Amino acid sequence: MKVIIGADHAGYALKEELKEVLRQEGIEFLDIGTINGEDSVDYPDFAERVARKVAAGGFDRGVIVCGTGIGVAIAANKVRGIRAANCSDPISARFSREHNDANVLTVGERIIGPAVAKEILRIWLNTDFMGGRHAIRVNKISAIEERSGVGE
Ligand code: RB5
Numbered sequence: 000m001k002v003i004i005g006a007d008h009a010g011y012a013l014k015e016e017l018k019e020v021l022r023q024e025g026i027e028f029l030d031i032g033t034i035n036g037e038d039s040v041d042y043p044d045f046a047e048r049v050a051r052k053v054a055a056g057g058f059d060r061g062v063i064v065c066g067t068g069i070g071v072a073i074a075a076n077k078v079r080g081i082r083a084a085n086c087s088d089p090i091s092a093r094f095s096r097e098h099n100d101a102n103v104l105t106v107g108e109r110i111i112g113p114a115v116a117k118e119i120l121r122i123w124l125n126t127d128f129m130g131g132r133h134a135i136r137v138n139k140i141s142a143i144e145e146r147s148g149v150g151e
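In structure tokens form, the structure reads like this:
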């Protein structure tokens, strides 16, 4: 599995911690920044960068961190083919994979602590999509994208 990870200034510190999990799991990853947590940056820039790389197929999954995880999820979900899930607990992380086939995980550094975030990431990385009836529903999400013409 190849993972791409990014964050704004408000998610920088947690991004650094989550990279430890990726190393421990032996997962190849690319960090697209921000590389300087002190400087204010705009979260949509980093969310789009991660989302487009996942959508293009160069990476299997993306992880994006901001203050809440909300802004980056909203931005990433504008990209066609992206199913970004903002998770603040392990159960949501599990179901975002099993039922929604989420290909991007977002977390909020100002919402959850590093230990919870790391557990969320571990579960999210190691949980498979269940397919079956859930695939029918995920396909309906893709159909909405087609009808709306979003994420060109
Ligand atoms: C940055 O101050 C903050 O707005 C951003 O990190 C994020 O929480 C937005 O959703």
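Numbering follows numbering that gives the first Met the number 0, in which position 109 of the sequence shown is assigned residue number 108; successive positions increment by one, without gaps.
No residue lacks a Cβ here, since even glycine has one placed at the ideal position from N, Cα and C.
It should be emphasised that the depicted structure is a prediction, and the values quoted were computed from it without experimental measurement.
message = Suppose the cutoff is 7 Å on Cβ atoms and the five residues either side in sequence are ignored; what does the same chain contact list for T67 look like?
response = G107, R109, I110
ask   = Roughly how far, in whole angstroms, is the beta-carbon of A21 from the beta-carbon of I3, given that I think they are within contact range, below 8 Å?
value = The question names Ala, yet the displayed sequence has Leu at residue 21. Actually they are not in contact, since the Cβ atoms of L21 and I3 sit about 10 Å apart, beyond 8 Å.
query = Given 8 Å as the limit, is there contact between the stretch 132-149 and the stretch 41-54, that is, 3 or more CB pairs closer than that?
reply = Taking 8 Å as the limit for Cβ pairs, the verdict is that the stretch 41-54 does not touch the stretch 132-149.
key: Status (buried if at least 16 other CB within 10 Å, exposed otherwise) for R60   = buried
query = I90 lies in the alpha helix (DSSP H); which residues open and close that run?
reply = That run of the alpha helix (DSSP H) goes 89-97.
ask   = With a cut-off of 9 Å, does the C-beta of H133 fall near any C-beta of chain D?
value = Protein chain content of the structure displayed is limited to a single chain, and chain D is not contained in it.
message = Looking at the secondary structure, which residues open and close the beta strand (DSSP E) in which T61 lies?
response = Per the sequence shown, residue 61 should be read as Gly rather than Thr. Run containing G61: 60-65, per the beta strand (DSSP E) assignment.
request  = Compute the minimum distance between the beta carbon of D7 and the heavy atoms of ligand 1, and state whether it is under 8 Å.
outcome  = yes
Helix, strand or coil at I73 according to DSSP, with G and I counted as helix = helix
ask   = Less than 9 Å separating the beta-carbons of I119 and P89?
value = yes
inquiry  = What does the Cβ neighbour count give for N76, buried or exposed, with the cut at 16 atoms within 10 Å?
reply    = Burial is judged here by how many other beta carbons sit within 10 angstroms of a residue's own beta carbon; N76 has at least 16 and is buried.
message = Whole angstroms are fine: how far does the CA of L13 sit from the CA of K117?
response = 9 Å
task = Could you tell me how far apart the beta carbons of N99 and R79 are, in whole angstroms, since I believe they sit closer than 8 Å?
result = The pair is not a contact, with the Cβ atoms about 16 Å apart (cut-off 8 Å).
key: Burial state of A55, where buried means 16 or more other Cβ atoms lie within 10 Å   = Its Cβ having fewer than 16 others within 10 Å, A55 is exposed.
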